[in-house]
């Protein structure tokens with residue numbers, strides 16, 4: 003089967019407000035899909051629905067991940083099965099050591115996969131390597147999770163976690179927001195290094211800038227809680243020039 | 003009489019002492035149960051209440067006047083309303099249903115000792131200027147107001163206090179304030195009180211209705227002792243914004259004891275106290291925020307900042323949180339210290355004398371609360387009164403911009 | 007997080023609730039002069055000690071139990087408590103200690119022999135009213151360090167005891183201190199001579215075992231000029247339906263340039279979810295600092311049905327330093343009213359207060375702390391930070407600071423926040439594959455980190471494990 007995820011007629015609300023109105027989307031294995039759309043179109047809601055965020059109430063439809071409907075699964079079950087969300091605004095957790103947190107997560111996944119857990123030394127070796135590659139400061143290893151991190155540091159930390167966890171389905175929610183050009187490059191390189199022909203990527207973005215760095219295979223336009231248009235990379239230029247209004251119903 | 007004579011007395015004896023009938027019986031019973039405050043009473047821990055109870059006083063009791071004269075302001079002389087503007091509905095009751103759960107024994111005493119309660123109804127767009135005048139020496143002056151702000155209205159009250167001969171008196175004042183649903187009340191209290199004048203324990207209760215807002219700013223200056231006690235209950239989505247500026251000097255024991263009760267869901271409170279203490283003065287900020295189990299999604303914040311100007315000055319700060327629900331946001335902070343050395347140095351390095359630099363910084367510290375008050379004229383008066391209390395004189399620029407003094411206003415009214 | 011799951015996660019089983027089956031010598035319940043004479047005779051005390059006890063008893067009879075704590079409990083019947091209970095055989099050496107006691111301490115994770123000795127920690131073990139074994143005394147003697155039971159100290163070092171006992175916590179300090187002064191049975195005595203850095207961690211382990219017995223230990227730690235000591239105490243009790251009273255007194259004396267680090271891991275039996283059973287813990291702990299001295303209190307309070315405890319510092323000497331680091335957990339139906347007093351008397355004295363309160367289920371957690379700066383404490387500094395974490399909507403978290411300053415050159419700063427575990431944080435951790443219970447535990451540990459890092463290494467590990475046990479049931 004060549005599909006990583008199939009979203010069928012997904013309807014979801016936040017509070018009293020219905021945001022996704024029968025959204026259909028198929029994500030292929032090994033491909034990069036970009037979701038673009040105006041503010042309030044439901045981009046973040048889609049990413050939250052995929053990972054099972056507590057804000058979202060799914061009213062109908064299915065999210066099939068490798069053929070299995072995950073709508074009723076706990077967030078950690080989805081994570082252990084290989085779904086990863088890079089948060090738009092990663093939360094700060096005081097007092098929780100970054101390395102300790104990440105080792106707990108990595109070992110939870112290894113246990114889930116029937117692998118041996120990494121001991122502290124093995125884990126740290128791996129983590130240091132990745133920290134260096136991402137151009138992060140070494141003290142990020144021992145600092146509290148995201149606490150006092152700059153916007154760029156937080157995003158790099160998301161990518162670090164992604165690399166350590168080796169997920170199969172990666173959702174990047176506004177990964178470029180608040181990044182300067184150097185950070186954007188480092189983050190994009192981190193993401194691109196994960197491409198292996200198997201993993202799928204869902205890049206959610208308001209601006210096309212990130213797509214210069216992470217080349218999408220497909221562009222989907224999200225409007226009023228639905229995918230209204232799907233096309234190839236050439237769509238980016240069209241959107242740049244003509245805006246979202248130009249694309250009517252798919 | 004001395005208030006301490008009422009210790010250990012039964013409710014009916016207390017009523018008899020003030021010549022009251024059954025109308026105030028409930029309050030008398032509550033007072034009997036609670037007993038008079040002593041220095042061991044939590045709320046009076048830092049005030050010198052025992053000395054107050056020992057003051058030898060004559061009970062001032064004036065009958066309700068036959069005629070209340072029209073005036074721009076509401077004027078209350080020795081607890082009796084003599085002038086009132088047409089914009090408010092004024093009534094007089096023997097008693098109102100008091101809050102029997104109020105923490106302050108003197109709130110209940112006030113309800114027993116006051117001959118009656120002045121009921122004031124404030125409607126939309128009303129701006130009420132209340133002048134409290136005290137003229138009688140060595141008297142016990144008990145009186146209470148019940149202020150009703152009608153639902154949905156936006157109103158403002160400015161309270162001012164004038165002493166013309168009330169040396170050695172004790173004023174037991176207080177209001178029961180009801181801010182109706184969706185209403186907004188902005189209330190400013192301005193009281194300069196120096197030693198050699200009267201003493202006051204004001205004991206208030208505020209009920210802020212659903213989605214209503216109470217914006218309460220109090221300004222207390224001077225060298226005499228006084229306490230304001232307040233219990234504020236918040237309904238659903240009600241909000242209170244309370245700020246207290248205190249400048250105390252001499253050997254004053256002055257401050258605020260408050261309890262803000264979050265009862266309704268989504269109620270919010272923000273309380274800020276700033277105290278400047280000179281000479282041997284004691285500042286008190288003893289403020290509890292209680293979040294009941296019913297008050298989910300509460301937001302409550304509290305802050306106290308105090309500056310001790312001289313050794314001998316004393317600040318007792320007790321910000322307190324009592325919380326029975328997890329869905330909330332609450333915090334408090336308190337600092338007691340002195341002016342920022344770095345700021346002082348910066349000003350001095352620009353050629354400003356140490357004395358002037360200090361004054362500038364204290365002024366700035368006080369201004370933050372004064373400048374947050376609505377109404378330019380009131381701000382001017384507050385600036386002037388603070389300056390007068392702090393510098394012992396009115397600054398020239400203040401006289402130039404002064405829009406009128408209370409005596410002038412008073413004469414106009416009459 | 008659904009309430010049921012949370013409750014499951016925070017109602018950790020009390021693991022130390024077993025009873026040690028040893029022969030006990032217990033006096034019948036009741037308190038009068040004869041009880042006190044009996045205790046004194048049992049301990050072979052000199053006459054002066056008995057006289058002090060009787061004086062204290064006279065004073066206590068005239069005092070009333072304090073009621074200002076944010077605590078609700080059935081009145082204590084002081085006549086229904088047995089004031090003395092001891093294992094029948096008093097051992098002279100470790101070989102003679104009843105094997106059952108050794109077994110019990112092993113079960114508690116406090117092996118008197120191998121393990122702690124390997125770690126180089128000297129242990130004094132107190133069961134009910136008597137000290138059953140003090141290890142390492144000889145090794146310590148070489149450095150001139152005295153580490154023994156208070157009963158031995160009264161016999162062997164009467165001058166030191168007379169000089170310092172009641173010097174920091176006077177007989178009439180409060181109701182419970184007066185009671186303790188009259189009936190205290192054992193406890194630990196520590197003296198570190200001038201200039202000596204105590205070569206190992208000192209530790210006392212307290213265990214209430216007998217039924218209907220109160221525990222009233224008295225501890226004195228004296229650090230002579232320029233010396234240093236780190237002292238730790240732990241406690242536990244069997245699971246019983248009745249409440250048991252623990253009223254200890256601890257006095258610390260840090261002379262010029264000395265430093266005392268005092269850590270407590272309190273894990274008395276907390277009672278059940280309905281408030282049945284559990285220890286009533288009414289404790290008076292106070293230290294005095296002379297010039298340049300430092301006292302640091304660290305406490306992890308997870309046990310007891312009722313906790314009433316304010317480890318305090320009198321900063322008498324110029325430049326002296328007081329510290330208080332606390333984690334207090336109330337779950338089930340536990341109630342804690344705890345905090346500190348920092349009394350600044352000397353010039354340039356400094357104090358730091360870090361308090362972390364965690365409330366879960368029906369727990370009520372109160373921080374009550376006094377910071378007092380006298381007019382003479384020129385340039386004194388205090389910083390307090392009191393944070394509360396609420397887990398579930400039936401618990402309570404209360405913060406009652408008393409900040410009194412007469413020091414126009416000093417600075418008192420206090421900050422407090424109250425919050426619950428944020429949904430956002432919990433979700434973030436779960437999105438990374440960490441299950442809910444582990445995520446809660448991780449966040450709670452993070453919340454307590456500033457306090458745990460003040461504990462000696464071995465005890466930090468113990469404290470973390472204990473916190474897991476208390477809060478997480480199945481995780482522990």
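Protein chains in written order, with the working numbering: chain A, 3 to 252; chain B, 3 to 416; chain C, 7 to 482.
The beta-carbon is built from N, C-alpha and C at its ideal position, and this holds for glycine as well.
Which of the three DSSP states, helix, strand or coil, is assigned to residue i?
i: residue 348 of chain B; result: helix
i: residue 180 of chain C; result: coil
i: residue 247 of chain B; result: strand
i: residue 72 of chain B; result: strand
i: residue 56 of chain C; result: helix
i: residue 450 of chain C; result: helix
i: residue 356 of chain C; result: strand
i: residue 202 of chain A; result: strand
i: residue 341 of chain B; result: coil
I want to see whether chain C comes within less than 8 Å of residue i, judged by CB atoms only; does it?
i: residue 146 of chain A; result: yes
i: residue 30 of chain A; result: no
i: residue 332 of chain B; result: yes
i: residue 241 of chain A; result: no
i: residue 106 of chain A; result: yes
i: residue 82 of chain A; result: yes
i: residue 92 of chain A; result: yes
i: residue 328 of chain B; result: yes
i: residue 319 of chain B; result: yes
Using a Cβ cut-off of 8 Å (strictly closer), state whether residue i contacts chain B.
i: residue 429 of chain C; result: no
i: residue 341 of chain C; result: no
i: residue 336 of chain C; result: no
i: residue 77 of chain C; result: no
i: residue 43 of chain C; result: no
i: residue 398 of chain C; result: yes
For residue i, list the residues DSSP reports as bridge partners.
i: residue 241 of chain C; result: C:212 and C:272
i: residue 31 of chain C; result: C:92
i: residue 231 of chain B; result: B:205 and B:259
i: residue 364 of chain C; result: C:335 and C:395
i: residue 146 of chain B; result: B:119 and B:176
i: residue 231 of chain A; result: A:223
i: residue 293 of chain C; result: C:258 and C:319
i: residue 287 of chain B; result: B:258 and B:319
What does a CB cutoff of less than 6 Å around residue i pick up in its chain, not counting 5 residues either side in sequence?
i: residue 1 of chain C; result: What the structure shows of chain C is the stretch from 7 to 482, and residue 1 of chain C is not part of that stretch, so it cannot be assessed.
i: residue 194 of chain B; result: 223, 224, 387 and 391
i: residue 301 of chain C; result: 258, 260, 266, 293, 295, 319 and 328
Only counting the same chain, and skipping five residues up and downstream in sequence, which positions put a Cβ closer than 8 Å to that of residue i?
i: residue 348 of chain C; result: 318, 319, 321, 328, 330, 357, 359, 375, 376, 377, 378 and 388
i: residue 440 of chain C; result: 448
At the 8 Å Cβ level, is residue i part of the contact set with chain A, yes or no?
i: residue 452 of chain C; result: yes
i: residue 482 of chain C; result: Below a pLDDT of 50, predicted positions are generally treated as unreliable, and residue 482 of chain C, at 25, falls in that range; the measurement from the model is reported next regardless. Answer no: the Cβ-Cβ gap between residue 482 of chain C and chain A never drops below 8 Å.
i: residue 460 of chain C; result: no
i: residue 359 of chain C; result: no
i: residue 439 of chain C; result: yes
i: residue 449 of chain C; result: yes
When you compare the CB of residue i with every CB in chain E, is at least one pair closer than 8 Å?
i: residue 277 of chain C; result: Going by chain labels, chain E is absent from the structure shown, which instead holds the protein chains A, B and C.
Please work out which residues of its chain come closer than 7 Å, Cβ to Cβ, to residue i, disregarding the five sequence neighbours upstream and downstream, and give them in chain order.
i: residue 105 of chain B; result: 45, 233 and 261
i: residue 238 of chain A; result: 210, 213 and 221
i: residue 82 of chain A; result: 110, 111 and 114
i: residue 121 of chain C; result: Here residue 121 of chain C scores only 43 on pLDDT, less than 50, and its place in the model should not be relied on; the value that follows carries that caveat. Counting only Cβ-Cβ distances below 7 Å, and skipping sequence neighbours, we find nothing.
Item to check | Unbroken stretches of the beta strand (DSSP E), 3 residues or longer, contained in the region 156-196 of chain B | outcome: 156-165, 172-181 and 186-194
Checklist entry - Fully enclosed by the region 370-427 of chain C, which beta strand (DSSP E) runs are 3 residues long or longer? => result 370-379, 387-397, 402-411 and 417-426
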